[in-house]
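Using my numbering, the letters of the sequence shown correspond one by one to residues 10 to 454. Backbone N, C-alpha and C fix where the C-beta goes; we use that ideal spot for every residue, glycine too. Read through the structure below, which is laid out as structure tokens, and then see the notes.
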Amino acid sequence: MERRDFLKTSLAGAAGLAVTGTGLNAKNFAAVKGANDKIKVGIVGFSDRCRSSLIPSFQLYAKELGFEIVAVSDIWKRRRDEAEKFFMDKYQQKVKTFRNNEELYDSKMCDAVIISTADFQHATHLIEAMIAGCDAYVEKPFAETMDDGRRALTAVQAAGKIVQIGSQRRSAPNYQAAHDFIQSGKFGDITMVEMCWNVNQPGRWRRPELVAQCFEKDTDWKRFLCNRPYEEWDPRKYLEYRLFWPFSSGIPGQWMSHQIDTVHWFTGYNHPRSVAANGGVYCWKDGRRNFDTITAVFDYGEGDKGFQLVYSSRMHNSAGGVKELYFSNGGSLNLDTNEVNSEGGLEQWAADEMGMKANLLDTYTLPSIKVETSANTGSDPMTNLHMRNWMECVRSRKQPNAPVKAGYNHSIATIMCNAALRTGEKVTFDEASQEVMAGGKVFRY
């Protein structure tokens, strides 16, 4: 099949991606570059996140590791013009711009791509990269529907390319130390997890000035909609997509996807057993479809072993900030203070009542790393480390810190949460069909 025809076939309908049987496997893709050859990289989506964080992180190591950004694909003319100026002004570098990904991949300029497009487009754009034979760094959330997630997972597995999911906690030394400590058994069984992400920002995910300057004639609205149901042109949905389902789940896909990924990583569980959740738009009455406040309760485990996770997030009061707390019978692991201690552990006076011994963890300090969470965008040490890990793995062909299955698994959890929020039902996951079930029905749009 011609690549263009295959792409149309593979992305059509909900039947899934027909990669197997087409000859698309690792042997058919371009050979790995030699040690002295530069890896040529394309940017898919010249977003704020990309220009302020991903590109600067990439450029930190580009010369040392032999990488170069050579192209930018963006369907909005303004972004293409901005990309040309950005690279020339900041890096004295000329890049070629393309109106869409089809043009980018037809040029055969790139060995790898960095994908930073709208939440709901990540899976589709990753599939395109796999078909083109490119390694990829793709921002989270990996997918906002199970259909998208399954198709993208299949594409990556068939292609055999190096894919890093933008779950940068996996490259941070404090999270790696926490993972190792829990896996060692020294922490004991996790019995409870509490997580929150709170900000007070009326402008979070809003771009009113830019919205007023965005016109349909300058972009490609149909390409933007990708595989979502058709809606009339709306510059708010184009630029403020995080506020509008089904273009984004909002809080679950944006913030919870980072934090829930650590739960899967630390414990080895792929997804929750069930989720119940509630939420609403309680403060920012600006026409958004996604909630500004949510609370969700997750059940994790197998058989009679497991734990509960309570997740809350609000966008109208920042008290509490961003927290990730793990509890065992012997104490707590706090990824805000980067400390394991005996807080809340079983003290001797309480143990005496049942003829037991006290269970109190020794204090253990995790490596410290500062993460910026208060701004809309911004580079941080985690992103730097995560980008370097991907670049090194493109060279070595080893699996990166956040492989594709990590993205698939965090998507199961965020989709389950979104389903619970939107249906009011207790949500489960069907292993056989790999579908999220709400009230006995498969969750769709």
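C-beta contact flag for asparagine 338 and leucine 430 at 8 Å: Within the sequence shown, numbered from 1, the residue matching residue 338 stands at position 329. Within the sequence shown, numbered from 1, the residue matching residue 430 stands at position 421. Going by C-beta atoms, asparagine 338 is not nearer than 8 Å to leucine 430.
Spatial distance of proline 238 from proline 255 (CA atoms): In the sequence shown, the residue the question calls residue 238 occupies position 229. In the sequence shown, the residue the question calls residue 255 occupies position 246. Proline 238 and proline 255: Cα-Cα distance of roughly 9 Å.
Nearest residue (CA-CA) to tryptophan 230, options Asp243, Gln222, Ala121 and Ala138: Position 221 of the sequence shown, counting from 1, holds the residue named residue 230. Comparing Cα positions, the closest option is Asp243.
Any 3 or more C-beta pairs closer than 8 Å across the region 201–212 and the region 263–283: yes
Secondary structure of alanine 145, DSSP reduced to three states: On the sequence shown, residue 145 is found 136 positions in, with the first residue counted as 1. The three-state secondary structure of alanine 145, taken from DSSP, is strand.
Identity of the residue in Phe253, Gln268, Leu369 and Tyr114 nearest phenylalanine 196 by Cα: Translated into the one-based positions of the sequence shown, residue 196 becomes position 187. With distances taken between Cα atoms, phenylalanine 196 lies closest to Leu369.
Three-state secondary structure (DSSP) of phenylalanine 438: What you label residue 438 is simply residue 429 of the sequence shown in a count that begins at 1. Of the three classes helix, strand and coil, the one that applies to phenylalanine 438 here is strand, per DSSP.
Cβ contact (3+ pairs, closer than 8 Å) linking the region 149–162 and the region 319–330: no
Three-state class that DSSP yields for serine 420 in the structure shown: Within the sequence shown, the letter at position 411 stands for residue 420. Three-state DSSP puts serine 420 in a helix.
Environment of methionine 396 [buried if 16+ CB atoms lie within 10 Å]: Here the question's residue 396 lines up with position 387 in the sequence shown. Classification for methionine 396: buried.
Neighbour-count burial assignment, glutamate 225, 16 or more Cβ in a 10 Å radius: In the sequence shown, residue 225 corresponds to position 216, counting from 1. Here glutamate 225 is exposed: its Cβ has fewer than 16 other Cβ atoms, across all protein chains shown, within 10 Å.
Cβ-based neighbour list, threonine 372, same chain, cut-off 8 Å, excluding 5 preceding and 5 following: Position 363 of the sequence shown, counted from the start, is the residue given in the question as residue 372. Glu348, Val349, Asn350 and Ser351, listed in sequence order.
Lysine 258 to glutamate 362 span [Cα, whole Å]: Within the sequence shown, numbered from 1, the residue matching residue 258 stands at position 249. Within the sequence shown, numbered from 1, the residue matching residue 362 stands at position 353. For the record, residue 258 in the displayed sequence is serine; it is not lysine. Those two C-alpha atoms are separated by around 48 Å.
Cβ neighbours of lysine 119 in the same chain (closer than 8 Å, five flanking residues each side left out): Mapped onto the sequence shown, residue 119 falls at position 110. In the sequence as displayed, the identity of residue 119 is cysteine instead of lysine. Non-local beta-carbon contacts of cysteine 119 in its own chain, meaning distances under 8 Å to residues more than five positions away in sequence, involve Lys49, Val50, Gly51, Val79, Ala80, Leu113, Ala141 and Cys143 in chain order.
Leucine 334 vs serine 327 beta-carbon contact at 8 Å: On the sequence shown, position 325 is the one that residue 334 refers to. On the sequence shown, position 318 is the one that residue 327 refers to. Against a cut-off of 8 Å, the Cβ pair of serine 327 and leucine 334 comes out as no contact.
Euclidean distance between Cα positions of alanine 71 and alanine 168: What you label residue 71 is simply residue 62 of the sequence shown in a count that begins at 1. What you label residue 168 is simply residue 159 of the sequence shown in a count that begins at 1. Approximately 25 Å between the Cα atoms of the pair.
Three-state class that DSSP yields for serine 383 in the structure shown: For the purposes of this step, residue 383 is taken as residue 374 along the sequence shown, with counting starting at 1. Reliability of the predicted coordinates at serine 383 is poor, the pLDDT of 45 falling under 50, and no value is obtained from them.
Stretch-stretch touch, CB-based, cutoff 8 Å, three pairs: the region 421–436 with the region 93–102: no
Residue nearest to alanine 367 in terms of C-alpha spacing, selected from Tyr250, Gly353, Thr374 and Ser116: Residue 367 sits at position 358 when you count from the first residue of the sequence shown. Comparing Cα positions, the closest option is Gly353.
Distance CB(valine 122)-CB(alanine 145) smaller than 8 Å: Indexing the sequence shown from 1 puts residue 122 at position 113. Indexing the sequence shown from 1 puts residue 145 at position 136. For valine 122 and alanine 145, yes; Cβs fall inside 8 Å.
Alanine 187 beta carbon less than 8 Å from that of leucine 375: For the purposes of this step, residue 375 is taken as residue 366 along the sequence shown, with counting starting at 1. For the purposes of this step, residue 187 is taken as residue 178 along the sequence shown, with counting starting at 1. Cβ atoms of leucine 375 and alanine 187: closer than 8 Å.
Neighbourhood of alanine 181 by C-beta distance below 6 Å, restricted to the same chain and skipping five residues each side: In the sequence shown, residue 181 corresponds to position 172, counting from 1. Counting only Cβ-Cβ distances below 6 Å, and skipping sequence neighbours, we find Ile378 and Met391.
Residue range of the unbroken beta strand (DSSP E) whose run includes methionine 204: For the purposes of this step, residue 204 is identified with residue 195 of the sequence shown, where counting begins at 1. Counting along the chain, the beta strand (DSSP E) containing methionine 204 begins and ends at 201–207.
Through-space distance from threonine 276 to arginine 406, alpha-carbon basis: Residue mapping note: residue 406 aligns to position 397 of the sequence shown, counting from 1. Residue mapping note: residue 276 aligns to position 267 of the sequence shown, counting from 1. So the alpha carbons of these two residues sit roughly 26 Å apart.
Environment of arginine 58 [buried if 16+ CB atoms lie within 10 Å]: As a position in the sequence shown, residue 58 is number 49, starting the count at 1. Around the Cβ of arginine 58, a 10 Å sphere holds 16 or more other Cβ atoms; the residue is buried.
Assigned exposure category for arginine 159 - 16 Cβ within 10 Å defines buried: For the purposes of this step, residue 159 is identified with residue 150 of the sequence shown, where counting begins at 1. Buried: at least 16 other Cβ atoms inside 10 Å.
Rounded Cβ spacing between valine 284 and phenylalanine 300 (contact assumed at less than 8 Å): One-based indexing of the sequence shown puts residue 284 at position 275. One-based indexing of the sequence shown puts residue 300 at position 291. 15 Å between Cβ atoms; not a contact.
Test item: CB-CB of isoleucine 171 and phenylalanine 151 under 8 Å: In the sequence shown, the residue the question calls residue 171 occupies position 162. In the sequence shown, the residue the question calls residue 151 occupies position 142. By the CB criterion at 8 Å, isoleucine 171 and phenylalanine 151 fall outside the cutoff.
Valine 436 to alanine 132 span [Cα, whole Å]: Sequence index remark: in the sequence shown, residue 436 carries index 427 (1-based). Sequence index remark: in the sequence shown, residue 132 carries index 123 (1-based). Computed Cα separation, rounded: 23 Å.
Span separating the alpha-carbon of alanine 127 from that of tyrosine 250: Taking the first residue of the sequence shown as position 1, residue 127 is located at position 118. Taking the first residue of the sequence shown as position 1, residue 250 is located at position 241. C-alpha separation (whole angstroms): 7 Å.
Ordered list of alpha helix (DSSP H) runs contained in the region 240–314, each at least 4 residues: 244–248 and 266–276
Helix, strand or coil at asparagine 343 according to DSSP, with G and I counted as helix: For the purposes of this step, residue 343 is identified with residue 334 of the sequence shown, where counting begins at 1. When secondary structure is reduced to three states using DSSP, asparagine 343 falls in the strand class.
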